[in-house]
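In the working numbering, the protein residues as written are 3 to 535. Think of the CB as a built atom: it goes at the ideal place given N, C-alpha and C, for glycine as much as any other residue. See below for the structure under consideration.
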Amino acid sequence: MQRDWKQIQWYDADLTERLQLATAYICRMLDKDKDEEPFFGIIRTKEGTAFANHAVQIGVPHVTGRALDALFYTEEITGERIPEHGEHVYTRYLIDCCSNEDCLPSYYDPDRENKRFVEFHNLREGLEGLTWLIKLRNHEAAANIADGFVDIVYRLTDFSTGALSYHLAKNMDREKEFATIQYAYPLVQGRLVGAMLKYYRETGNLKALKLCAAHSRSTMRHCFSPEGLIQDQAANHIHSITSSLSGILEYAILAKDPILTEQIRNVYEIGLREFYSSYGWCKEQAWLETDQGEVNQVGDLIQIQLLLAAHSDRKYYSHAETFMRSSLLPSQVLKNDFVEEVPNPAGDHECDMKERMIGGFGFPTPSSHLQKEDSAINTIDITQGAVQAICEFTKHIITESEWGIMVNLLFSWENDLAEVRSDLPKEGRIVITPKAAKNILVRIPERTKPSSLQICVDNEPVAFLMMDRYAVIRNLQAGLSYEVKFIPETCEEDEFIYHKSYQVRWHGEQVIGISPVEGIYPMYEGIDGHAKL
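Next up, the structure:
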């Protein structure tokens with residue numbers, strides 16, 4: 003049974019529960035005064051109230067595909083049917099905005115005689131939503147639109163350079179409608195690769211695969227050095243950079259391209275390193291002197307870590323666990339006492355904001371949910387970025403290799419291989435029940451007290467072998483429950499996070515306190531027995 007959101011603590015790691023909260027948030031973000039047009043996000047005012055806002059260029063063409071990606075991915079992972087009404091509303095708006103001669107997500111600009119335009123930044127989002135409609139609902143209109151979508155992008159791509167071309171747009175008499183194609187690299191074509199690859203895997207469309215290859219290599223060539231340094235054409239929007247990298251890395255692995263894979267790893271380790279903290283906070287804009295972050299790129303970084311761990315070096319599972327526990331999950335809005343309701347709401351955009359904001363994700367600082375009194379609280383598109391990362395994360399918790407059953411991420415989960423129950427972060431205790439007579443390998447977290455590791459069956463010690471960071475357990479029987487116990491170390495470390503010094507309090511791989519605390523609604527409040535700083 004789903005708990006009331008008021009019972010959920012900032013450090014609670016029930017991933018299904020977190021996905022359910024995000025689903026409820028997305029389904030509440032519909033404007034009753036505007037034919038249920040989706041809101042973009044919720045903003046706090048200086049007076050302490052809150053309101054939901056709409057966007058034009060990155061409104062309906064952006065958030066509808068995003069919402070459907072989050073909703074359908076959650077349905078696939080949890081096995082629970084998503085709310086029918088929310089699905090129908092978001093589907094209707096996505097299909098409507100793509101039902102044009104170009105099959106591209108479009109908006110009608112009230113400041114330009116309500117003429118149709120395409121913001122190319124929205125292409126990834128639109129294709130993600132269409133692909134899910136094809137995959138889970140066999141949606142005929144979505145399939146036809148997506149096929150036309152890929153054809154148009156193919157026609158707009160100069161395969162001699164691998165770039166989207168404004169010249170080709172002009173040849174199609176679309177120089178006005180497609181003007182934003184000129185801002186092509188991570189802001190547009192790089193971030194499209196991941197969605198295009200998912201569409202290829204679902205449909206087998208060879209044009210989509212060719213576009214993945216062209217856009218991947220063009221983006222990496224122009225935006226990043228072979229050593230991983232960020233070039234000027236990568237621009238300033240970190241989420242566009244990180245979403246490009248996660249999609250291109252997935253393509254590089256599919257194409258078995260070790261050079262491209264290593265370049266992306268270098269960007270993660272070197273080029274991006276000054277923009278994210280050891281525990282996962284990541285800046286919103288690269289070169290602006292601000293401590294406002296964005297959860298979208300935290301989700302992207304987690305997906306990069308998961309891919310690198312599965313295909314390159316398992317050490318990155320520790321990175322992913324830390325970022326999930328210490329940054330992404332704490333940034334989900336679980337409280338509403340930092341806002342007040344509007345006494346006399348002027349419309350639906352001011353109604354029930356305290357309830358409607360719960361479950362969304364937004365723009366945290368290194369220590370708090372909001373940078374300022376009048377900052378955005380959360381948005382649909384950022385919530386989708388968090389949901390996508392959580393869903394990808396669940397696929398890596400329990401896996402299988404030639405060594406046996408691998409428990410890579412220490413979260414409670416169950417699949418066809420095993421059931422895992424985790425008491426982290428409050429207690430260093432994991433119970434693993436395999437469903438086959440295969441050896442078990444469980445990752446032992448960083449910052450564990452030496453010699454504290456014990457593994458038992460029915461309170462009797464079991465022999466194990468340490469291999470890298472994994473304890474290898476010989477298992478000859480399905481259904482036995484192995485209790486893995488260890489003591490997480492608590493320590494404090496000084497860290498320089500984008501030009502400012504912080505003190506970070508760790509409990510194993512979980513951050514439990516940050517000092518100084520600046521902004522509205524602090525994220526880290528300690529856990530039982532371990533106070534915050």
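Please report the distance separating the alpha-carbon of residue i from that of residue j.
i: D113; j: E296; result: 29 Å
i: L166; j: N268; result: 25 Å
i: D160; j: E375; result: 46 Å
i: G196; j: R126; result: 8 Å
i: N116; j: D37; result: 18 Å
i: C99; j: N146; result: 14 Å
i: Y109; j: E179; result: 10 Å
i: H509; j: Q390; result: 26 Å
i: V62; j: N55; result: 12 Å
i: G430; j: L331; result: 19 Å
i: R5; j: P524; result: 23 Å
i: H87; j: L70; result: 12 Å
i: G50; j: E342; result: 6 Å
i: T450; j: V155; result: 50 Å
i: M174; j: D111; result: 21 Å
i: V120; j: A439; result: 55 Å
i: V409; j: I306; result: 19 Å
i: P427; j: G131; result: 35 Å
i: E421; j: P463; result: 20 Å
i: Q11; j: L23; result: 13 Å
i: N441; j: E402; result: 10 Å
i: N207; j: A144; result: 15 Å
i: R507; j: G521; result: 18 Å
i: S101; j: V91; result: 15 Å
i: Y500; j: Y318; result: 22 Å
i: R570; j: D350; result: The structure shown does not extend to residue 570, since the chain is modelled only from 3 to 535, so the question has no answer here.
Is it buried or exposed for residue i, if we count other Cβ within 10 angstroms and need 16 for buried?
i: H398; result: buried
i: F340; result: buried
i: D35; result: exposed
i: K285; result: buried
i: C105; result: buried
i: D496; result: exposed
i: Q9; result: exposed
i: N140; result: exposed
i: D354; result: exposed
i: M359; result: buried
i: L336; result: buried
i: M468; result: exposed
i: E89; result: buried
Considering only their Cβ atoms, is the gap separating residue j from residue i smaller than 8 Å?
i: Q512; j: S245; result: no
i: Q235; j: H224; result: yes
i: N380; j: I28; result: no
i: L158; j: I183; result: yes
i: L199; j: Y253; result: yes
i: F395; j: L419; result: no
i: G301; j: Q334; result: no
i: K437; j: A480; result: yes
i: I446; j: Y484; result: no
i: I392; j: G364; result: no
i: Y75; j: T133; result: no
i: S454; j: F488; result: yes
i: V519; j: S280; result: no
i: L21; j: G67; result: no
i: T80; j: T163; result: no
i: E177; j: L138; result: no
i: V444; j: V486; result: yes
I need the boundaries of the alpha helix (DSSP H) containing residue i, first residue and last residue.
i: V459; result: That residue, V459, is in no alpha helix (DSSP H); its beta strand (DSSP E) goes 456-459.
i: D56; result: The sequence as given places His at residue 56; Asp does not occur at that position. Premise fails: H56 is in no alpha helix (DSSP H) and is neither H nor E.
i: Y281; result: Unbroken run through Y281: none, as it is neither H nor E.
i: Y270; result: Premise fails: Y270 is in no alpha helix (DSSP H) and is neither H nor E.
i: S218; result: 208-225
i: M408; result: Counting along the chain, M408 falls outside any alpha helix (DSSP H), though it belongs to the beta strand (DSSP E) covering 406-409.
i: I28; result: 17-30
i: S248; result: 240-256
i: A288; result: Unbroken run through A288: none, as it is neither H nor E.
Terminal residues of the continuous beta strand (DSSP E) containing residue i?
i: R1; result: No answer is possible for residue 1: it lies beyond the span of the chain, which begins at 3 and ends at 535.
i: F74; result: Unbroken run through F74 is the alpha helix (DSSP H), 62-80; no beta strand (DSSP E).
i: Q512; result: 512-517
i: F325; result: Element bounds for F325: not the beta strand (DSSP E) but the alpha helix (DSSP H), 318-325.
i: R431; result: 431-436
Less than 7 Å between the CB of residue i and some heavy atom of the ligand SAH, yes or no?
i: I434; result: Only the bare structure without any ligand can be found here, which leaves the ligand SAH out of the picture.
Taking 8 Å as the threshold (beta carbon to beta carbon), is residue i in contact with chain D?
i: D470; result: Protein chain content of the structure displayed is limited to a single chain, and chain D is not contained in it.
Mind listing, in chain order, the continuous alpha helix (DSSP H) runs of no fewer than 4 residues lying wholly within the region 151-180?
168-173
As an exercise, report each continuous beta strand (DSSP E) stretch of at least 3 residues that is fully enclosed by the region 328-393, in chain order.
370-372, 378-381
Mind listing, in chain order, the continuous beta strand (DSSP E) runs of no fewer than 3 residues lying wholly within the region 439-506?
442-445, 456-459, 466-469, 472-475, 484-487, 492-498
What residue ranges within the region 105-138 form continuous beta strand (DSSP E) runs of no fewer than 3 residues, ordered along the chain?
109-111, 117-119
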